[in-house]
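Heads up: the sequence lines are chains V and P, in that order.
Throughout the first sequence, residue numbering follows the numbering used here, covering 4 to 242 in sequence.
Throughout the second sequence, residue numbering follows the numbering used here, covering 4 to 242 in sequence.
Notes follow the structure.
2 protein chains.
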Amino acid sequence: MKTFILALATLFALASFARAADDMPAFQPGNRILFQGDSITHGGRGTDPNHFMGHGYQYIIAAKYGTFYPERKLLFLNRGISGDTVAKLQARWKTDTLDLKPDLLSILIGINDMHQGVSAAQYEAGYDRLLTATVAALPKVRLVLGEPFGLPVARRKEGWEKERIELQARQVIVARLGLKYHAPVVHYQKAFDDACRRAPAEYWIWDGVHPTYSGHQIMADEWVHTVEAAWKPVEPVGR
Amino acid sequence: MKTFILALATLFALASFARAADDMPAFQPGNRILFQGDSITHGGRGTDPNHFMGHGYQYIIAAKYGTFYPERKLLFLNRGISGDTVAKLQARWKTDTLDLKPDLLSILIGINDMHQGVSAAQYEAGYDRLLTATVAALPKVRLVLGEPFGLPVARRKEGWEKERIELQARQVIVARLGLKYHAPVVHYQKAFDDACRRAPAEYWIWDGVHPTYSGHQIMADEWVHTVEAAWKPVEPVGR
Numbered sequence: 004m005k006t007f008i009l010a011l012a013t014l015f016a017l018a019s020f021a022r023a024a025d026d027m028p029a030f031q032p033g034n035r036i037l038f039q040g041d042s043i044t045h046g047g048r049g050t051d052p053n054h055f056m057g058h059g060y061q062y063i064i065a066a067k068y069g070t071f072y073p074e075r076k077l078l079f080l081n082r083g084i085s086g087d088t089v090a091k092l093q094a095r096w097k098t099d100t101l102d103l104k105p106d107l108l109s110i111l112i113g114i115n116d117m118h119q120g121v122s123a124a125q126y127e128a129g130y131d132r133l134l135t136a137t138v139a140a141l142p143k144v145r146l147v148l149g150e151p152f153g154l155p156v157a158r159r160k161e162g163w164e165k166e167r168i169e170l171q172a173r174q175v176i177v178a179r180l181g182l183k184y185h186a187p188v189v190h191y192q193k194a195f196d197d198a199c200r201r202a203p204a205e206y207w208i209w210d211g212v213h214p215t216y217s218g219h220q221i222m223a224d225e226w227v228h229t230v231e232a233a234w235k236p237v238e239p240v241g242r
Numbered sequence: 004m005k006t007f008i009l010a011l012a013t014l015f016a017l018a019s020f021a022r023a024a025d026d027m028p029a030f031q032p033g034n035r036i037l038f039q040g041d042s043i044t045h046g047g048r049g050t051d052p053n054h055f056m057g058h059g060y061q062y063i064i065a066a067k068y069g070t071f072y073p074e075r076k077l078l079f080l081n082r083g084i085s086g087d088t089v090a091k092l093q094a095r096w097k098t099d100t101l102d103l104k105p106d107l108l109s110i111l112i113g114i115n116d117m118h119q120g121v122s123a124a125q126y127e128a129g130y131d132r133l134l135t136a137t138v139a140a141l142p143k144v145r146l147v148l149g150e151p152f153g154l155p156v157a158r159r160k161e162g163w164e165k166e167r168i169e170l171q172a173r174q175v176i177v178a179r180l181g182l183k184y185h186a187p188v189v190h191y192q193k194a195f196d197d198a199c200r201r202a203p204a205e206y207w208i209w210d211g212v213h214p215t216y217s218g219h220q221i222m223a224d225e226w227v228h229t230v231e232a233a234w235k236p237v238e239p240v241g242r
């Protein structure tokens, strides 16, 4: 009986330790968390304190952590604009990013560059310049890079093999930029590929580019999982 | 040691039983889940398979369960319209609700009736007629009623005592209709009152009526909690 009580006590202690631990050290008190990108991030956003986040992964993340950590007074912001490319981000970067002084900056860009014929090399060079300017202006910013993604749906089924290869080239570039700038990369493509084992591609991304509400939950979960792990303090061994 | 292993085994068995159980029996395979109401439900919704849900509690719920149960092929719908009252719902009820044949219908209505001077008695009579027509047309529909709510923010601070009493009258009415129509009632007011112990009112409801993204997460959590419990099968005792 004594052993049983001891076992129970240990389990409860472990459980409460897990709960007490800081689950999202990437969001510190007073932090501004900014989402940048194209239509996937834009999400039909409006202007009031609910609609300014847009519909999508960024809304789900903001709602979740806004409620989880009210005492941290986090401010979530969205400056995604439909149709944007790296060049278009570059043109509005000062006003829409640097001047906002985000503590954490999440970027998802690339699918429009690809569809508009910007080569992988041009994409990489432009994105690299954008990130250099960012860390120069905001040396302490926590960067999070999302890989461009897609699925073969509707008219995208045709020519998918070629598109997939093009996409993979951009995914490799984002992974490389992530290493260069010490930024965790959110592997959306893998998350969507995995989700396709549970339901058809169009259940997650209705036109091959824009996720459904369920697809945005897949993105939010992957983002949270990646960002949680990236800034988690390493636990001392043997305690 | 034997006792320890037994205790561990029991705990793991309990934990996996909890996970294996059906967490949301209110959502059965192929179900259509319809959200009806005013601006809080409308949420600036658009038309494509992501934006048609609007920003808000209904988006968070759809994304969560769309991802949790892809094999159930649930369809979430939103027909909330800004500024709506019971009378305005009545006028579009056939096209926007009955014809859609929802399996679960969630309604949140009342704040505009109150602000436009519809008396509590008129509100109750109109809402009652709406629900009678609903169960006549859709005898198997699972109804979920949300109580109207508010918080004293900005210009609503003045005269709040009177507004709070008026609101409580509507909350009592919705509770009564819930009993009459066997519909669980989502107690949003209590959820927001509780949330105000963690952050000021305007953190959750920016103008006293419309929730922020964090406020919508409070709503979603309360909705899920209420609806989960309402259709959960009673566990046999002693097993």
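Ideal Cβ positions, reconstructed from N, Cα and C, are used throughout, including at glycine.
Taking the Cα positions, G49/V is about 30 Å away from T135/V. A buried status is given to D41/P, since no fewer than 16 other beta-carbon atoms sit within 10 Å of its beta-carbon.
V156/P carries a coil assignment under DSSP once its states are collapsed to helix, strand and coil. Interface with chain V (7 Å Cβ-Cβ cutoff): N53/P is included.
Legend: CB atoms of the stretch 51-75 of chain P lying less than 8 Å from CB atoms of chain V belong to residues D51, P52, N53, H54, M56, G57, H58, G59, Y62, I63, A65, A66, K67, G69, T70, P73 and E74. Listed along the chain, the chain P residues whose CB falls inside 9 Å of the CB of R82/V amount to none; the nearest CB is some 16 Å away.
With a cutoff of 7 Å on beta-carbon distance, A223/P and Y68/P are scored as not near each other. Per DSSP, the beta bridge partners of V147/P are S109/P.
For N81/P, the enclosing beta strand (DSSP E) covers residues L78 to N81. DSSP places Q39/V inside the beta strand (DSSP E), whose first and last residues are R35 to G40.
Between A186/V and L146/V, the C-beta gap is smaller than 7 Å, which places the two residues in contact.
The alpha-carbon of L111/V is positioned some 11 Å away from that of W226/V. Under the DSSP assignment, M222/V falls in the alpha helix (DSSP H) whose first and last residues are Y216 to A233. Looking at C199/V, A233/V and A139/V, the one whose alpha-carbon comes closest to that of G181/V is A233/V. Within the stretch 213-239 of chain V, those residues whose Cβ lies closer than 9 Å to any Cβ of chain P are, in chain order, H213, P214, T215, Y216, S217, G218, H219, Q220, I221, A223 and D224. When DSSP states are grouped into helix, strand and coil, V121/V belongs to the coil group.
Assignment of beta-bridge partners to V237/V by DSSP yields no partner. Residue environment: T70/P is assigned as buried (16 or more neighbouring CB atoms within 10 Å of its CB, all protein chains considered).
Judged by DSSP in its simplified three-state form, I64/V adopts helix. For V175/V, the secondary structure class from DSSP, reduced to helix, strand or coil, is helix.
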